[in-house]
Amino acid sequence: MRALLAVIIGTSTLFAAAAHAGTVYSYEVSNPRQNDTAGVVNKVSVDYDTDDVLSFAAAFTANNGLLPQAGWFVLSPGQYPRLSGNELAILYLDFAGGDVYAYRYNGVAGTYAHGRETYLDEGNFITSYEDVLSVDYSGDASSKLSIGFDNLDVSALSPGTFGDEWTGVSYGPGFGGWFHFTTMDSYSISNGKISGWYPKWQSWYDVDGKTATVPEPATLAGLALFGVVGLGLYRRNRRGAAKA
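Using this note's numbering, the letters of the sequence shown map in sequence onto residues 70 to 313.
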């Protein structure tokens, strides 16, 4: 009986822990081919955990000898980010430094879709993440590039932080976003903030009205299997003891 109780208690504890974990919403696209001027976009993927954790990855192949040197993206719960107005965060990606800068996005589209007016207003600055972005070159003459970060704490961008309409980088199940990657004429950082950001050639993937997926709860399935196996072993031991 003690063995059975141990199995039940252990399984229940693990189920309870899993039940309190945040929901993870994932979105991934391969070879979107919207614009490849600064490099062919082979893949973009994001994972948002409602416990305020964000992961991001992108991969590129050179186009006419070009690969992006920086980028930015905006995520939404489904709508196109344009004209969002103090609802969404914009994340600027500094490939050379490996840093990420978070600002309140002003919703401007067109020539300054990178939010030039956003970073010029220091009041829009939220936070910076130092040395979190991995940047890996590979292939002949560094013709391939992969970038990304894993499990970034985005609690500073949490929904509701800057008003009831603020969603930050959260989404799910609806999904929308802008992903722009660029060569740079120049850019500069001062006192941990962007002081100049001047893109040149761009590649991008823009999307709205999509649905993010929730990965299969393999962990819960494993916990259930653990409980069944444990119970089976307990019953087998009981039968063996009875025969003896």
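A virtual CB, placed ideally from N, CA and C, is assigned to each residue, including glycine. Values in this document were obtained by computation on a predicted structure and should not be read as measured data.
Nonlocal neighbours in the same chain, by C-beta distance under 7 Å from residue i, ignoring five residues either side
i, result
"residue 229", "235"
"residue 301", "Confidence is the limiting factor: at residue 301 the pLDDT is only 46, short of 50, which leaves the residue's position unreliable and the question unanswerable from this model."
"residue 154", "176"
"residue 265", "255, 256 and 257"
"residue 270", "106, 107, 135, 251 and 252"
CB contact check: residue i to chain D, cutoff 7 Å
i, result
"residue 169", "In the displayed structure, chain D is absent; only one protein chain is listed."
Environment of residue i [buried if 16+ CB atoms lie within 10 Å]
i, result
"residue 291", "In this prediction, residue 291 scores a pLDDT of 47, lower than 50, which makes its location untrustworthy; the coordinate-derived value is nonetheless stated afterwards. It counts as exposed."
"residue 105", "buried"
"residue 158", "buried"
"residue 205", "exposed"
"residue 209", "exposed"
"residue 267", "exposed"
"residue 248", "buried"
"residue 90", "exposed"
"residue 45", "Because the chain is modelled from 70 through 313, residue 45 falls outside the range shown and cannot be assessed."
"residue 187", "buried"
For residue i, the nearest candidate out of the options (CA to CA)
i, options, result
"residue 174", "166, 165, 194 and 167", "194"
"residue 97", "199, 107 and 114", "114"
"residue 233", "146, 101, 156 and 216", "156"
"residue 200", "150, 231, 134 and 218", "218"
"residue 243", "99, 212, 281 and 209", "281"
"residue 108", "139, 162 and 132", "132"
"residue 202", "209, 187, 213 and 163", "163"
"residue 94", "102, 110 and 116", "116"
"residue 231", "207, 192, 215 and 169", "192"
"residue 261", "207, 139, 90 and 169", "169"
Rounded Cβ spacing between residue i and residue j (contact assumed at less than 8 Å)
i, j, result
"residue 189", "residue 171", "With 8 Å as the limit, residue 189 and residue 171 do not qualify as a contact, their Cβ atoms being about 16 Å apart."
"residue 150", "residue 272", "Going by Cβ atoms, the distance from residue 150 to residue 272 rounds to 17 Å, so no, they are not a contact pair."
"residue 130", "residue 197", "Not really, about 29 Å apart at Cβ, beyond 8 Å."
"residue 126", "residue 110", "No, residue 126 and residue 110 are not in contact; Cβ-Cβ is about 12 Å, not under 8 Å."
Nonlocal neighbours in the same chain, by C-beta distance under 6 Å from residue i, ignoring five residues either side
i, result
"residue 238", "123, 144, 158, 223 and 226"
"residue 167", "200 and 202"
"residue 274", "101, 103, 110, 113 and 248"
"residue 99", "112"
"residue 215", "128 and 205"
"residue 207", "213"
Residues of its chain near residue i, where Cβ-Cβ distance is below 8 Å and the 5 sequence neighbours each way are ignored
i, result
"residue 92", "118, 119, 241 and 283"
"residue 147", "240, 243, 244, 245, 277, 278 and 279"
"residue 140", "127, 161, 162, 164, 216, 248, 249, 250 and 251"
"residue 285", "none"
_Given 8 Å, three or more beta-carbon pairs between the region 208-224 and the region 121-136_ = yes
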